[in-house]
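Worksheet for the structure shown next.
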Amino acid sequence: MMPVPTRADVVVIGGGVIGLSAAFHLAEAGASTVLLERGALGSGASRATADVVRAYFAGNPVSSALAVRSLAAYHAFPGLPMRQVGYLVLFTEPGQVAAFEADLPAQRAAGVDVELIDAARARRLNPLIGGDLPLLAAAWSPQAYISDTAAIVSGYASAAGRAGAVLFTDSPVTALNTATGRVKTPGGTITAGAIVCAAGAWSASIARSAGVNLPLTEPAVQELLTTDPVDGLPGIPVTLHAASGLLTRLRGDRLLIGMGYPGRDPAAWRATVADRLAATYPSLAGVRLHTAVTGARDSSPDRTAFIGHLPGPAAFLYATGFSGHGLCNAPAAGELIRDLYLGHNPGMDVTLLAATPERAAIPERAAIPERAAGPGTGRPPETNRAPSGPPERVGRS
Ligand SMILES: Cc1cc2nc3c(=O)[nH]c(=O)nc-3n(C[C@H](O)[C@H](O)[C@H](O)COP(=O)(O)OP(=O)(O)OC[C@H]3O[C@@H](n4cnc5c(N)ncnc54)[C@H](O)[C@@H]3O)c2cc1C
């Protein structure tokens, strides 16, 4: 166990894309920064993404604004692959079209390039769509890219290190106290001027020890499926069937597929995915599906991140609850944490991101019309906890 330093300006808890982005931005701004990760860097949800970064989050212009800002940072990220494929959302119900139109001004104000297109154009963009699918129209946003999460994790880790941050792996935080700024790990205790909680799906108990109620669901297992290789697959955008949450993207000569959570009965879930796939893309009826990846994922009631700041003695900051789109939001989240810590103008209305009692009270299903902002829909079932489960409760030191 590597001994940790006794003092730091800021301790960041969690070494996923959010914690690493925060550590980089803080260190670059001159704060002496220590990041504590209980396992390996990028070993939480950031290990298991579909590598999709995009701007448009239906019904959720706050997440869209974070994503637009993040895309600009990713485009400037040295050597990062960003293959533009676009994002297509298939509307098969009149209410979906009406909701799109009502949301459009806020999306445009957030900087999102998105438009309503007719069914014929949607079918040209994604030739796999079956002729029988009752497609009314689609949302089309060219701002969607296939990137590389592992490269983002290692890029932020290297940049944070170069900027002077010290990153500790195998270093679980076991207790913290915002009155004293003391953060306990098996490698020793650090006294910090500020503590940043970026522990993904495991953040709730850390925040509780600082008196912040983050109403996150428990970590739940989300699974992405892949097809067998398919001859002659056309290039397609990342495509969401809005009514079911079926999300597909091309990966080589296969499709990568997400749809909700396996829940109590993974075989039944897989059969439902296969049925939905065949109904949307009839040429793929009967294709075999395999597990591509599983990962733990968090969710907030309104599918929007919690990002906020409580003043000291030791300040407590949090950036968590990214609800299936943390990769899309990571650069902006790190910038906001830095600005909140320094007391600088964050360039957007951060009060919308704070963990307020009002946000905690929003019933999840009522909050956001987009059913699958990431490759998943709805609330993670209680029965589908991540194998690692919540870690030891983090106490007060
Ligand atoms: C299957 C799947 C596919 C996804 N696809 C996409 C996608 O294509 N695009 C997208 O934008 N998003 C996607 N997401 C969501 C995205 O992966 C997450 O929103 C993002 O990775 C969250 O990053 P994070 O840093 O907040 O959390 P994590 O990556 O989970 O990092 C939190 C870290 O905190 C550590 N930790 C926990 N407790 C402690 C403690 N007490 N002490 C120290 N360390 C601790 C954990 O070990 C973990 O490494 C997907 C998620 C899943 C599950």
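Per this note's numbering, residue -1 is the first one in the sequence shown, and the count goes up by one each step.
Just so you know, even glycine gets a beta-carbon here, dropped at the ideal spot from N, CA and C.
Bear in mind that the values here come from a model prediction, so they are computed numbers and not experimental data.
From G17 to L69, what does the alpha carbon distance come to, in whole angstroms?
-> So the two alpha carbons sit approximately 18 Å from each other.
Taking only heavy atoms of ligand 1 into account, decide whether any of them is closer than 7 Å to the Cβ of H323.
-> Indeed, a heavy atom of ligand 1 lies less than 7 Å from the Cβ.
State whether the region 31 to 40 contacts the region 166 to 178, with contact taken as three or more CB pairs (one from each stretch) at a distance under 8 Å.
-> As far as the Cβ criterion goes, the region 31 to 40 touches the region 166 to 178, which means the pair count is three or higher.
What separation, rounded to the nearest whole angstrom, lies between the Cα atoms of L64 and T289?
-> Whole-angstrom Cα-Cα distance: 30 Å.
Close beta carbons around M257, own chain, < 6 Å, minus the five adjacent residues each side = The beta carbon of M257 is closer than 6 Å to those of G243, L244, V271 in its chain, skipping five residues each way along the sequence.
What did DSSP end up calling N175 once you bin it into helix, strand or coil?
-> Assigned with DSSP and collapsed to three states, N175 falls in strand.
Look at the alpha carbon of A241 and the alpha carbon of G93, and state the distance between them as a whole number of angstroms.
-> Approximately 10 Å, taken between the alpha carbons.
Helix, strand or coil for S68 per DSSP?
-> Three-state result, S68: helix.
Beta strand (DSSP E) containing F304: first to last residue?
-> First-last of the beta strand (DSSP E) with F304: 304 to 308.
Report all residues from its chain with a CB closer than 6 Å to the CB of G209; omit the five preceding and five following residues, and keep chain order.
-> Correct list: empty, nothing qualifies.
How about L222: is its Cβ closer than 7 Å to a heavy atom in ligand 1?
-> In this structure, L222 has its beta carbon less than 7 Å from a heavy atom of ligand 1.
Rank P227, V2, T318 by C-alpha distance to the C-alpha of D251 and give the top, closest one.
-> Put simply, of P227, V2, T318 the residue whose alpha carbon is nearest the alpha carbon of D251 is P227.
Got a sec: does ligand 1 put a non-hydrogen atom nearer than 7 Å to the Cβ of R295?
-> Remark: the C-beta of R295 is in contact range of ligand 1, defined as less than 7 Å to any heavy atom.
Should H239 be labelled buried (16 or more other beta-carbon atoms within 10 Å of its own) or exposed?
-> Buried, by the Cβ-count rule.
Of the residues M0, P260, G191, I11, the one placed nearest G42, counting alpha carbons only | Distance from the Cα of G42 is smallest, within the candidate group M0, P260, G191, I11, for I11.
G40 in three-state terms, based on DSSP | Note: G40 maps to coil in three-state DSSP.
Going along the chain, which residues of its own chain have a beta-carbon closer than 8 Å to the beta-carbon of A276, five neighbours each way excluded?
-> The residues L282, A283, G284, in chain order, have a CB closer than 8 Å to that of A276 in the same chain once the five nearest residues on each side in sequence are set aside.
What is the DSSP secondary structure of I127, reduced to helix, strand or coil?
-> The answer is coil: DSSP assigns I127 none of H, G, I, E or B.
What residue range is occupied by the uninterrupted beta strand (DSSP E) comprising Q105?
-> It is not in any beta strand (DSSP E) - Q105 instead sits in the alpha helix (DSSP H) that spans 92 to 107.
Three-state secondary structure (DSSP) of I366 | Residue confidence for I366 is low, a pLDDT of 40 falling below 50, so the modelled location carries little weight and cannot support an answer.
Tell me, please, which residues DSSP counts as bridged to R295.
-> In the DSSP assignment, the residues bridged to R295 are A218.
Pair every Cβ in the region 334 to 353 with every Cβ in the region 312 to 320, then say whether three or more of these pairs are closer than 8 Å.
-> Because the criterion of three Cβ pairs below 8 Å is met, the region 334 to 353 and the region 312 to 320 touch.
Beta carbon of T147 nearer than 8 Å to that of V15 = It is a contact, given that the beta carbons lie within the stated cut-off.
Between the region 293 to 300 and the region 43 to 60, are three or more C-beta pairs nearer than 8 Å?
-> Contact holds between the region 293 to 300 and the region 43 to 60, because three or more Cβ pairs, one in each stretch, are under 8 Å apart.
Hey, would you say the C-beta of P232 is under 7 Å away from at least one heavy atom of ligand 1?
-> For P232, the distance from the CB to the nearest heavy atom of ligand 1 is not below 7 Å.
For the alpha helix (DSSP H) holding Y154, just list the boundary residues, first then last.
-> First-last of the alpha helix (DSSP H) with Y154: 147 to 160.
CA-CA distance, P367 and Q220?
-> The pLDDT assigned to P367 is 40, lower than 50, so where the model puts this residue is not dependable, and the model offers no usable value.
State the DSSP-derived secondary structure class of V2, mapped to helix, strand or coil.
-> In the structure shown, V2 sits in coil (DSSP, three-state: anything other than H, G, I, E or B).
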